[in-house]
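Engineer: Below is one structure. I have some questions about it.
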Amino acid sequence: MLADAIGKMLPAVMAIALTPIQIVAAVVVLGGPQGRAGGFAFLTGWLVALGALVTVAILLVDKLGESGPTPTPLLHWIQLAAGLLLLVIAIRLWRKRKKNGEEPATPKWLTHLGEARPVQAFVAGASTAAANPKIVALVLSSATSIAYLALSGWQITAVAVLFVLLGSTPLITLVVAHARGGVATASRIRDLKGFMLRHNDVILTVILAMLGVSVLGNGISGLR
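What follows is the structure in C-alpha cells.
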C-alpha cells in the first residue's frame, strides 16, 4: 500500500524537484554575507511549508475518499481543477521559454534575497513552497492520485515525509554541498543558477503537461 502511494505520487515529486525557483532562490541566499546560515534557514522553511502542504492535501483527499471505493464527486472536481491549472502553467512556461542564445533574467524579488538574514531566508523558503501555484497544483494533483488507497495514520506520515525528502533532494544537496565545499564549489553553485533559469522551462513544460492531462483525464472519467 505504501509503495503504491509513493509510485502514484512519484511524477509530481519529480516535477517539484525539477522546479527551478527554489534552487535559484537558494543560490542567491547562499551567495549572501550569511550564506551558510541563510541557506539552512531557507531549506528549513521550504521543508516545513512543503511538509505542511503535503500533509493537508493527503488528509483532505483521504477524507473525501472515505465513502468507499468510489470517492465523492468533489474529489473529481478537484482533479479537474488541478489538471487544468497544471496545463495552464505548462502553456505559460512554454510561451515564455528562453530562445537559443537568450540570456535568462533573474526575477527582481530574488535580488533582495542576497542580503537576507536567516529569519528572512526561512520565510522566503516557506513562501517559495506554499505560495507557488506550481507547487500547490502538483501537491494537490499527486494527493488525488492516492484517494483510492486506504492509508493508516503512520502510512500518511511516511508518504508525506518521503514526498518532501524526494522532492527536496536537489535543494538539500545544494545547501549541504555549499556548507561542505570551498571556493570551487561556490563558483559551480553560482553557475547552476543560470543553467536552471535557461533549461527548466522546457523540462517543466513537458512534465506538467503530461501530469496535467493525466489528472484531468481522471477527473473527467470520475464524473462520467
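Add 10 to the 1-based position in the sequence shown for our numbering, that's all there is to it. Note that the Cβ used here is the ideal one computed from N, Cα and C, for glycine as well.
Using three-state DSSP, classify Gln89 as helix, strand or coil.
Structural biologist: In the sequence shown, the residue the question calls residue 89 occupies position 79. Residue state, collapsed to three classes: helix.
Engineer: Report the CB separation of Thr154 from Val225 in whole angstroms; it is logged as a contact under 8 Å.
Structural biologist: Looking up residue 154 in the sequence shown gives position 144. Looking up residue 225 in the sequence shown gives position 215. Confirmed, Cβ separation roughly 7 Å.
Engineer: Should the segment 82-93 be called in touch with the segment 164-176, which here means at least 3 C-beta pairs below 8 Å?
Structural biologist: No: the two stretches stay apart, fewer than three of their Cβ pairs being nearer than 8 Å.
Engineer: Express the C-alpha separation of Ile213 and Ala126 in angstroms, rounding to a whole number.
Structural biologist: Taking the first residue of the sequence shown as 1, we reach residue 126 at position 116. Taking the first residue of the sequence shown as 1, we reach residue 213 at position 203. Rounded to the nearest angstrom, the two C-alpha atoms are 30 Å apart.
Engineer: To the nearest angstrom, report how far apart Val149 and Val186 are at their CA atoms.
Structural biologist: Within the sequence shown, numbered from 1, the residue matching residue 149 stands at position 139. Within the sequence shown, numbered from 1, the residue matching residue 186 stands at position 176. Their Cα atoms are separated by approximately 25 Å.
Engineer: Grab me the residues of Val216's own chain with a C-beta within less than 7 Å of its C-beta, minus the 5 sequence neighbours each way, in chain order.
Structural biologist: As a first step, residue 216 must be located in the sequence shown, where it is residue number 206. Closer than 7 Å at Cβ, skipping near neighbours: no residue.
Engineer: On a CA-only basis, which of Gly55, Gly229, Leu218, Ser231 is nearest Leu20? Give me that one, please.
Structural biologist: Position 10 of the sequence shown, counted from the start, is the residue given in the question as residue 20. Ranking Gly55, Gly229, Leu218, Ser231 by Cα distance to Leu20 puts Leu218 first.
Engineer: Check Ala59 in the structure and name its three-state DSSP category.
Structural biologist: For the purposes of this step, residue 59 is taken as the residue at position 49 of the sequence shown. Looking at Ala59 - three-state DSSP - the assignment turns out to be helix.
Engineer: Can you tell me which of Ser151, Leu184, Ser178 puts its alpha carbon nearest to the alpha carbon of Gly227?
Structural biologist: To locate residue 227, count along the sequence shown from 1; it is residue 217. Nearest C-alpha to Gly227: Ser151.
Engineer: Taking the alpha-carbon positions, what's the Ser77 to Met220 distance?
Structural biologist: Here residue 77 is taken as the residue at index 67 of the sequence shown, counted from 1. Here residue 220 is taken as the residue at index 210 of the sequence shown, counted from 1. Bear in mind that a pLDDT of 43 at Ser77, under 50, signals an unreliable position, so the model cannot answer this.
Engineer: Compare the beta carbon distance of Gly49 and Ala36 with 8 Å and say whether it is the shorter of the two.
Structural biologist: In the sequence shown, residue 49 corresponds to position 39, counting from 1. In the sequence shown, residue 36 corresponds to position 26, counting from 1. Going by C-beta atoms, Gly49 is nearer than 8 Å to Ala36.
Engineer: For Asn142, which of helix, strand or coil comes out of DSSP?
Structural biologist: One-based indexing of the sequence shown puts residue 142 at position 132. Asn142: coil per DSSP, three-state reduction.
Engineer: Contact check, Leu63 vs Gly135 under 8 Å by CB: the rounded distance?
Structural biologist: Reading the sequence shown from its first residue, position 53 is the one you call residue 63. Reading the sequence shown from its first residue, position 125 is the one you call residue 135. With a Cβ gap of about 13 Å, Leu63 and Gly135 do not count as contacting.
Engineer: Could you check the C-alpha separation between Gly177 and Leu28 for me, to the nearest Å?
Structural biologist: Locating residue 177 in the sequence shown gives position 167, where the first residue counts as 1. Locating residue 28 in the sequence shown gives position 18, where the first residue counts as 1. Rounded to the nearest angstrom, the two C-alpha atoms are 8 Å apart.
Engineer: Answer yes or no: do Leu70 and Ala139 have a C-beta to C-beta separation smaller than 8 Å?
Structural biologist: Start at 1 with the first residue of the sequence shown, and residue 70 comes out as number 60. Start at 1 with the first residue of the sequence shown, and residue 139 comes out as number 129. The answer is no: Cβ separation not under 8 Å.
Engineer: Checking 8 Å against the spacing of the C-beta atoms, do Gln32 and Leu123 come in under that value?
Structural biologist: Translated into positions along the sequence shown, residue 32 becomes position 22. Translated into positions along the sequence shown, residue 123 becomes position 113. Taking 8 Å as the Cβ cut-off, Gln32 and Leu123 do not qualify as a contacting pair.
Engineer: Between which two residues does the alpha helix (DSSP H) harbouring Pro43 extend?
Structural biologist: As a position in the sequence shown, residue 43 is number 33, starting the count at 1. No alpha helix (DSSP H) holds Pro43; DSSP gives it neither H nor E.
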